[in-house]
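J.:
There are 2 protein chains.
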Amino acid sequence: MFLNINLESSEPIYIQLQHQIIEGIAKGRISPGDPLPSVRSLASDIGINLHTVNKVYQLLKQDGYILIHRQKGVVINPEGPPKADEEYKQSLRANIRPLIAASICRGIEEEEFLQICKELFNEFKEEGEKK
Amino acid sequence: MFLNINLESSEPIYIQLQHQIIEGIAKGRISPGDPLPSVRSLASDIGINLHTVNKVYQLLKQDGYILIHRQKGVVINPEGPPKADEEYKQSLRANIRPLIAASICRGIEEEEFLQICKELFNEFKEEGEKK
DNA sequence: TATCTGTTATATTATGAATATAACAGATAG
DNA sequence: CTATCTGTTATATTCATAATATAACAGATA
Chain A
1 MFLNINLESS EPIYIQLQHQ IIEGIAKGRI SPGDPLPSVR SLASDIGINL HTVNKVYQLL
61 KQDGYILIHR QKGVVINPEG PPKADEEYKQ SLRANIRPLI AASICRGIEE EEFLQICKEL
121 FNEFKEEGEK K
Chain B
1 MFLNINLESS EPIYIQLQHQ IIEGIAKGRI SPGDPLPSVR SLASDIGINL HTVNKVYQLL
61 KQDGYILIHR QKGVVINPEG PPKADEEYKQ SLRANIRPLI AASICRGIEE EEFLQICKEL
121 FNEFKEEGEK K
């Protein structure tokens, strides 16, 4: 896999895992229909507990990122998660707001902030075109 | 004060407080040199413990947002926090990245994301001009 | 002198993150 | 049929963090 988990980070393991899998989907490194490792094999690959991986899979399932069939195992949802509704956008704003506030206090202008966002979007686009 | 703390939220109280004070500075609701309430009075105003407020003040002091004089009490730092260096921008990118990844998966295009950021910046600008 | 300030110390409770071990039921390969 | 692998559930333990409670100290102030 493309996973790079830092066991020493203050960021919880299950959050890192969740983020990196979602980023993998956004970048097209894993495509709709692709299988994901079993909770046990992924856990032993990374060197963590089975339950930590299971927790992540449950969260991803709940958000519509993956499907879990008793037979086929774990698969990237071909449909993808539901489109962003107003509630989602509201929570998105709530997450960005403190980042912008701190940036303003540190002298990062709107232009520069938007530029950083554009560069991040390019990070995802470029990878998507490699395939 | 302009504080609105949700004691039921899963977001820790000290994080809410920290964010709202920084947002207050970014919006110009509190200006450089302005005093902040004492740890005890603010704590009793909100209905929380003195140590929770003290923790927030220590974090804000550490980041250069406020100054704590033995005499004058707590004051918004006239200098403000240090300008964003490359390390800060790196952590900023790390914070924005998962938001963008999830947005892409949910069908939010770059344009719309940037538009949301612009609106948030306006949130801060508009308030700043009221004074 | 009494009061308010930030600060420090100590202890307790509650919650969440992560682990360990075990077991169950369904599917699959030998 | 048997053995193995799958996700799932249950239970328990360890550890760190968030939040509280109570107390005390030293400097400044009225």
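So the sequence lines, in the order shown, correspond to chains A and B. Counting in UniProt numbering, the first sequence tops out at residue 131, every number present. Counting in UniProt numbering, the second sequence tops out at residue 131, every number present. Idealized CB from N, CA, C, for every residue including glycine. Quick caveat, the model's predicted, so the values are computed rather than measured.
#1: Could you name the residues of the same chain whose beta carbon sits closer than 6 Å to that of A/E119, not counting the 5 residues immediately before and after it, in chain order?
#2: Throw me the rounded Cβ distance for the B/I104 and A/A26 pair, which I believe falls under 8 Å.
#3: At 8 Å on the CB atoms, spell out the chain A contacts of B/Y65, in chain order.
#4: If you reduce the DSSP assignment to three classes, tell me which class A/G33 lands in.
#5: Could you work out which residues of chain A lie near B/E86, taking near to mean beta carbons separated by less than 9 Å?
#6: Helix, strand or coil for A/G73, going by three-state DSSP, please let me know.
#7: Taking C-beta to C-beta, are A/R40 and A/V56 nearer than 9 Å?
#8: Rounded to whole angstroms, what is the Cα-Cα separation between A/P37 and B/R93?
#9: Name the residue from A/L7, A/K89 and A/F121 whose alpha carbon lies nearest to the alpha carbon of B/A101.
#10: For a test of the three-state rule: what should DSSP assign to A/I68, helix, strand or coil?
#11: Between B/F2 and chain A, is the shortest Cβ-Cβ distance under 9 Å, so that the two count as touching?
#12: Suppose you measure from the CA of B/R70 to the CA of B/N6; what does that come to, to the nearest Å?
#13: Can you find the residues in the same chain that come closer than 6 Å, C-beta to C-beta, to B/P82, ignoring five residues on each side of it along the sequence?
#14: So that I know if they touch, is there some Cβ in chain A lying closer than 9 Å to that of B/R97?
#15: Anything in chain B within Cβ reach of A/H19, meaning under 9 Å, just list it in chain order.
#16: Return yes when the Cβ of A/R97 is within less than 9 Å of the Cβ of B/A84, no when it is not.
#17: Determine the burial state of B/Q90: buried for a count of at least 16 other Cβ atoms within 10 Å of its Cβ, exposed for fewer.
#18: Would you tell me roughly how many angstroms separate the C-alpha atoms of B/I30 and B/Q16, rounded to the nearest one?
#19: Rounding to the nearest angstrom, what Cα-Cα distance links A/I46 and A/G73 in this structure?
#20: Would you please verify whether the beta carbon of A/P12 is less than 9 Å from any beta carbon of chain B?
#21: 9 Å is my cut-off, CB to CB: does A/R93 come that close to chain B?
#22: Spatial neighbours of A/P32 within its chain, please: C-beta separation below 6 Å, excluding the five flanking residues on both sides.
#23: Relative to the C-alpha of A/M1, which residue among A/S10, A/S44, A/P12 and A/E8 is closest?
#24: Quick check on B/K131: does DSSP put it in helix, strand or coil?
#25: Closer than 9 Å, CB to CB, is A/L42 near chain B or not?
#26: State buried or exposed for A/L60, treating a residue as buried only when at least 16 other CB atoms are found within 10 Å of its CB.
T.: On the basis of the coordinates in this document:
#1: In its chain, beyond the 5 residues on either side, no residue has a beta carbon closer than 6 Å to the beta carbon of A/E119.
#2: The beta-carbon distance between B/I104 and A/A26, rounded to whole angstroms, is 4 Å. This is short enough to meet the 8 Å contact definition.
#3: Neighbours of B/Y65 in chain A, taken as residues whose beta carbon is under 8 Å from its own, are C105 in chain order.
#4: Note: A/G33 maps to coil in three-state DSSP.
#5: In chain order: nothing, as chain A lies at least about 12 Å away.
#6: Strand.
#7: Using a Cβ distance threshold of 9 Å, A/R40 and A/V56 do not count as a contacting pair.
#8: Taking the straight line from one Cα to the other gives about 29 Å.
#9: When each option's Cα is compared against that of B/A101, the closest is A/F121.
#10: Residue state for A/I68 is assigned as strand, using DSSP reduced to three classes.
#11: Chain A contact via Cβ: absent.
#12: In this structure, the straight-line span from the alpha carbon of B/R70 to that of B/N6 is close to 31 Å.
#13: Around B/P82, the same chain offers G64 as residues with beta carbons nearer than 6 Å, after the five sequence neighbours per side are excluded.
#14: Output row for B/R97: interface = yes.
#15: Residues of chain B whose Cβ lies closer than 9 Å to the Cβ of A/H19 are, in chain order, R97, P98, A101 and A102.
#16: No, the pair does not count as a contact, with Cβ atoms beyond the cut-off.
#17: By the C-beta density criterion, B/Q90 is exposed, having fewer than 16 other C-beta atoms within 10 angstroms.
#18: If I take the Cα positions, the gap works out to 17 Å.
#19: Roughly 19 Å between the two C-alpha positions.
#20: Taking Cβ atoms only, chain B never reaches closer than 9 Å to A/P12, which makes this a no.
#21: Residue contact with chain B for A/R93: present (Cβ-Cβ distance below 9 Å to some residue of chain B).
#22: I76 and P78, listed in sequence order.
#23: Considering only A/S10, A/S44, A/P12 and A/E8, the residue with the shortest C-alpha distance to A/M1 is A/S44.
#24: Model confidence at B/K131 stands at a pLDDT of 44, short of 50, so the residue's coordinates are unreliable; what they give is reported in the following sentence. Here B/K131 carries a coil assignment [DSSP, helix/strand/coil].
#25: The beta-carbon of A/L42 is placed no less than 9 Å from the nearest beta-carbon of chain B.
#26: With at least 16 other beta carbons inside 10 angstroms of its own, A/L60 counts as buried.
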